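Read through the structure below, which is laid out as structure tokens, and then see the notes.
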Amino acid sequence: MERKTAFISGASRGIGEAIAITLSKEYNVIINYAHSEEGARAVLAQCDPEGHHKMIQCDISDGEQVKAMLEEIVKEYGHLDVVVNNAGITKDNLLLRMSDADFDDVIRVNLKGTYNCIRHVARIMMKQKSGAIVNMASVVGLCGNMGQANYAASKGGVIALTKSCAKELASRGIRVNAVAPGFIATAMTDKLADSVKESALASIPMKKFGAVQDVANVVKFLCSEDSTYITGQVIAVDGGMVM
Ligand code: NAP
């Protein structure tokens, strides 16, 4: 059977890397990155050798770049079956110290970037009459977090965007779901102060941080034929942090 094609934004390291490597066992994967070419190359090298995988540079916050990139993918592969909107950034600060630029940057990449990819792939998937989109939210998009007003707002937006798009696209055979990780050990969380990590650990009933594979496994399920009657949902992968 012909392999399906999956695009993963921000797949040059961390959670996106695990998603790309996991999906590469079944799909042709397209590894997106904005700056980290070396990282993307290393991820590509770890993908299943059976597939036809590639890496592609694109800043997802730029709608025109996203449109051109997705058109290029469809031209090469003929179809695009799965889009995982994983790319994200943080620029944490307390509200009164937060610059407007840091607020705007995080909204532009996390929320507008996710919107850009959904908007431009929706047309492609509508023609195919099928597709699965998985958006990377966060538990802080559900409950907020001190020092992360910009990031939490972006992820709350991703959740509302997921549900709105799920409603609009369901009748076209396109499912849209979100995953909300809690505290997952990656470069993004490595840079947090030890005191922040300790207090995060104290709030996790399972008393451990998650691994990137924990998130990748749920993304794989939401892309697959095992979840064909699931849309508009937000699945927390957080060791019980938010219930
Ligand atoms: P990470 O290690 O910092 O990786 C972020 C990825 O996003 C990188 O591949 C980066 O590539 C890419 N990226 C950033 N800006 C981009 C842009 N404008 N266009 C395209 N790609 C871009 O982060 P992570 O911890 O794996 O997090 C992945 C996702 O999970 C994010 O959406 C994050 O908010 C979410 N999440 C993470 C946690 C956690 O505990 N780690 C918890 C909840 C949610 P370049 O270096 O090439 O820019």
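Residue 1 is where the sequence shown starts when you use the UniProt record's numbering, and the numbers rise one by one after that. Note that beta-carbon positions come from the ideal geometry of N, C-alpha and C, so glycine has one too. Quantities reported herein were computed from a predicted structural model and do not represent experimental measurements.
Residue i: buried (16+ other C-beta within 10 angstroms of its C-beta) or exposed?
i: R97; result: exposed
i: S171; result: exposed
i: K220; result: buried
i: A68; result: exposed
i: Y151; result: buried
i: R13; result: buried
i: G240; result: exposed
i: Y27; result: buried
i: A160; result: exposed
i: residue 271; result: Residue 271 falls outside the range modelled here, since the chain spans only 1 to 243, and no answer is possible.
i: K4; result: buried
i: A40; result: buried
i: A101; result: exposed
i: A45; result: exposed
With a threshold of 6 Å on Cβ separation, who are the neighbours of residue i within its own chain once the five nearest residues in sequence on each side are excluded?
i: G10; result: G16, N86 and A87
i: Q233; result: N177
i: D92; result: G147 and Q148
i: residue 246; result: Residue numbering for the chain in the displayed model covers 1 to 243; residue 246 lies beyond these limits and cannot be assessed.
i: R123; result: none
i: V74; result: L80 and I124
i: K112; result: S61
i: R108; result: S61
i: L94; result: G147
i: A18; result: V212, Q213 and A216
i: L227; result: Note that residue 227 is Ser in the sequence shown here, rather than Leu. So the list reads F221, once near-sequence residues are dropped.
i: M243; result: none
How about residue i: is its Cβ closer than 6 Å to a heavy atom in ligand 2?
i: I60; result: Looking at this structure, you won't find ligand 2 anywhere; what it does contain is ligand 1.
Give me, in chain order, the residues of the same chain whose beta-carbon lies closer than 8 Å to that of residue i; leave out the 5 immediate sequence neighbours on both sides.
i: V237; result: V179, A180, P181, G182, I184, G210, D214, V215 and V218
i: I235; result: N177, A178, V179, A180, V218 and L222
i: I186; result: Checking the sequence shown, residue 186 turns out to be Thr, not Ile. For T186, where only same-chain residues beyond five positions count, the Cβ hits under 8 Å are R13, G14, I15 and V212.
i: I206; result: The sequence shown places Met at residue 206, rather than the Ile named in the question. Cβ within range, chain order: G239 and G240.
Contact defined as beta carbons within less than 8 Å: I believe residue i pairs with residue j. What is the distance between those atoms, to the nearest angstrom?
i: V66; j: N116; result: 4 Å
i: V43; j: I21; result: 7 Å
i: A166; j: K155; result: Their Cβ separation, rounded to whole angstroms, is 16 Å, which puts A166 and K155 out of contact at 8 Å.
i: T90; j: M188; result: 6 Å
i: H53; j: I31; result: 7 Å
i: L70; j: H120; result: 5 Å
i: I56; j: V29; result: That pair is no contact at about 11 Å.
Please confirm if residue i has its CB atom under 7 Å from at least one CB of chain C.
i: D62; result: Here chain C cannot be found, since the structure has a single protein chain.
Take residue i and list the residues in its own chain whose beta-carbon comes closer than 7 Å to its own, dropping the five residues that flank it on each side.
i: residue 249; result: Only positions 1 to 243 of the chain appear in this structure, which leaves residue 249 out of reach.
i: S24; result: C47, D48, G51 and H53
i: V140; result: Q148, Y151, A152 and K155
Inter-stretch contact at 8 Å, needing at least 3 Cβ pairs: the region 171 to 178 / the region 193 to 209: no
Cβ contact (3+ pairs, closer than 8 Å) linking the region 139 to 149 and the region 199 to 208: No: fewer than three Cβ pairs fall under 8 Å.
Whole beta strand (DSSP E) elements within the region 134 to 192, 3-residue minimum: Segments of the beta strand (DSSP E) lying fully in the region 134 to 192: 174 to 181.
Complete alpha helix (DSSP H) runs within the region 45 to 121 (minimum length 4 residues, chain order): 63 to 77 and 100 to 106
Three CB pairs or more closer than 8 Å across the region 122 to 131 and the region 73 to 81: yes
Beta strand (DSSP E) segments (min. 3 residues) lying fully within the region 3 to 38: As far as the region 3 to 38 is concerned, its whole beta strand (DSSP E) runs of at least 3 residues are 4 to 8 and 27 to 33.
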